[in-house]
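First the structure, in the form of structure tokens, and then the observations on it.
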Amino acid sequence: MPGDVQSQSGIIWAYRFDEDGLPSRVPRDILPDLNPAEGFVWLHLDLVHTRAQSWIAEQALPDATQEAFLSHEQHQRLDHSANLAWGVSHDLIRDIAHKSEDVGALRWIVGDRFLLTGRREALHSIRMTAEALDRGEPAASPAGLFEQIIEYIIDDVTDAVIRLVDETDSVEDHILLDRLHDGPQRVGAVRRTAVRLHRQLSGLHVLFRRFAETPSGRSAPDAVKAAALRLLQRIDGLHHDVQSVQDRARLLQDEIAARSASRTNRQLYVLSLLTALFLPATFITGLFGINVKGLPWVESDFGAAFVSLSCICAALFTLILLRRRGVIGD
15 MPGDVQSQSG IIWAYRFDED GLPSRVPRDI LPDLNPAEGF VWLHLDLVHT
65 RAQSWIAEQA LPDATQEAFL SHEQHQRLDH SANLAWGVSH DLIRDIAHKS
115 EDVGALRWIV GDRFLLTGRR EALHSIRMTA EALDRGEPAA SPAGLFEQII
165 EYIIDDVTDA VIRLVDETDS VEDHILLDRL HDGPQRVGAV RRTAVRLHRQ
215 LSGLHVLFRR FAETPSGRSA PDAVKAAALR LLQRIDGLHH DVQSVQDRAR
265 LLQDEIAARS ASRTNRQLYV LSLLTALFLP ATFITGLFGI NVKGLPWVES
315 DFGAAFVSLS CICAALFTLI LLRRRGVIGD
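Just so we're aligned, residue 15 is where the sequence shown starts under my numbering, counting upward by one.
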């Protein structure tokens, strides 16, 4: 559309919030200002769009902030100045209809009167936040809106942890009943997902704890610090839950390995017994199989029966000997 100046600048959507925090969409033919006369704004940008990069470069933002916002770095990070906080957080990539299991980078800048977010793939938490704003849910400040976005990320992790706990319980029940045939594959999938969630939470945990609790010579926005402290409490509990799932998955892998080794040992035990029982019979049949004179029962009509009886007696003798030596039974 010729009048869609926001799309021409790489802005996916823009919201304006009044003094009471009530949101409203900024019309597409209006390019919002980062310093509105009242309230604050949220601008979400498509960083693949070359014009979005140019638009960011035109704003009165510190060079370090612009560099972090436009970079291709995927590691989670958080930095700040006296009146700005910016960084990178991981979020689930959203496909056409649902969230996927892949992780993308959400870049954000929190100011006194604006929140800037950017992405290169569609992200789930951003979509959930926009849908909440469209329903009329308020946001008191840019820091509060940023906290909402991170909470949606944490909610996604919480849902994933609940699914992992249920899957772990199911695998554990089947293992204890000895009915699980695809146990290693299912436990491996649980561990892979738990490792991904652990890395995502560990990054957020380290960043927010360092930002909120570690003294620094540089001043930082108090509202963002307060939001980081509140988020840190949720992340701590969830981090413990993910660690618990990882520990249970490792124990289940050990249990599966032990049961597999025990099953293999039982099978080898049976094979060894069968080999021991049939070894004398094999020797006898081999002995009578040589075509030389002097073998007993060669001319007897019942020679084959005598040889078979000898094999059975030899096997029984071996069985009795093994039982007396404690190899079989008690």
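A virtual CB, placed ideally from N, CA and C, is assigned to each residue, including glycine.
query	result
Give the range of the alpha helix (DSSP H) segment to which residue 192 is assigned.	No alpha helix (DSSP H) contains residue 192, which DSSP labels as neither H nor E.
To the nearest angstrom, report how far apart residue 104 and residue 133 are at their CA atoms.	10 Å
Measure the beta-carbon distance from residue 191 to residue 223 and round it to whole angstroms, keeping in mind my assumption that it falls under 8 Å.	42 Å between Cβ atoms; not a contact.
Distance, Cα to Cα, residue 275 vs residue 264?	16 Å
If you drop the 5 nearest sequence neighbours on each side, which residues of the same chain put their C-beta closer than 7 Å to that of residue 87?	102
For residue 157, tell me which candidate among 50, 107, 195, 98 has the shortest Cα-Cα distance.	98
Beta strand (DSSP E) containing residue 39: first to last residue?	37 to 39
Less than 8 Å separating the beta-carbons of residue 90 and residue 285?	no
Based on the DSSP secondary-structure assignment, which residues constitute the bridge partners of residue 268?	For residue 268, which the question treats as bridged, DSSP gives no partner whatsoever.
Which residues in the same chain have their Cβ closer than 8 Å to the Cβ of residue 207, if we skip the five residues on either side of it in sequence?	115, 174, 178
Taking residue 283 as the reference, which of 336, 78, 63 has the closest Cα?	336
Could you tell me which whole alpha helix (DSSP H) segments of length 4 or greater appear in the region 180 to 259?	197 to 227
Answer with buried or exposed for residue 340, where buried requires no fewer than 16 other C-beta atoms within 10 angstroms of its C-beta.	exposed
From which residue to which residue does the beta strand (DSSP E) around residue 27 run?	25 to 31
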